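Following the working numbering from start to finish, the sequence shown increments by one per residue and tops out at 155.
Glycine is no exception: its CB is placed at the ideal position from the N, C-alpha and C atoms.
Just so we're clear, the structure is a prediction, and the values are computed from it rather than from any experiment.
Following: one structure in structure tokens, then a few remarks.
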Amino acid sequence: MSIQNKLLENLRNSQKTYPWNDLVTLLRKLGYEKKEMAGSRVRFYNPTTNHIIRLHRPHPENVIKGGALNDVKEKLKEEGIL
Numbered sequence: 074m075s076i077q078n079k080l081l082e083n084l085r086n087s088q089k090t091y092p093w094n095d096l097v098t099l100l101r102k103l104g105y106e107k108k109e110m111a112g113s114r115v116r117f118y119n120p121t122t123n124h125i126i127r128l129h130r131p132h133p134e135n136v137i138k139g140g141a142l143n144d145v146k147e148k149l150k151e152e153g154i155l
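What follows is the structure, encoded as structure tokens:
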């Protein structure tokens with residue numbers, strides 16, 4: 074199983090939290106470019122599909138959870154990735 078498939082499977086099965094670094098790695102492998110915005114805001118843009126995912130970088134923990142996790146999963150489902 075490739076790293077991308079493993080990360081996708083872990084995201085698909087995650088219920089409460091998902092490591093931020095794994096999300097960044099996964100989105101890069103899916104063709105998204107990371108752009109730091111003001112404060113803790115981060116934008117992931119896929120130039121191939123013109124798809125944008127906007128998040129706040131988690132702090133002090135290094136995991137996304139709750140609504141942010143659900144939003145990422147929903148956005149990737151809309152794109153047919155997840």
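Here's a check: name, in chain order, each residue in its chain whose Cβ is nearer than 6 Å to the Cβ of residue 105, leaving out the five neighbours to either side. The residue you call residue 105 lines up with position 32 of the sequence shown. Same-chain partners within the cutoff: 117, 119.
What residues in its chain sit with their C-beta under 6 Å from that of residue 103, if we drop five residues either side in the sequence? Translated into the one-based positions of the sequence shown, residue 103 becomes position 30. Excluding positions up to five away in sequence, the list is empty.
Could you give the uninterrupted runs of the beta strand (DSSP E) lying entirely in the region 80-153, keeping only those of 3 residues or more? 90-92, 106-109, 114-119, 124-129, 136-138
Same chain only: Cβ atoms within 8 Å of residue 148, ignoring 5 sequence neighbours per side: Counting from 1 along the sequence shown, the entry for residue 148 is found at position 75. Once the five neighbours on either side are set aside, the close Cβ partners of residue 148 are 124, 126.
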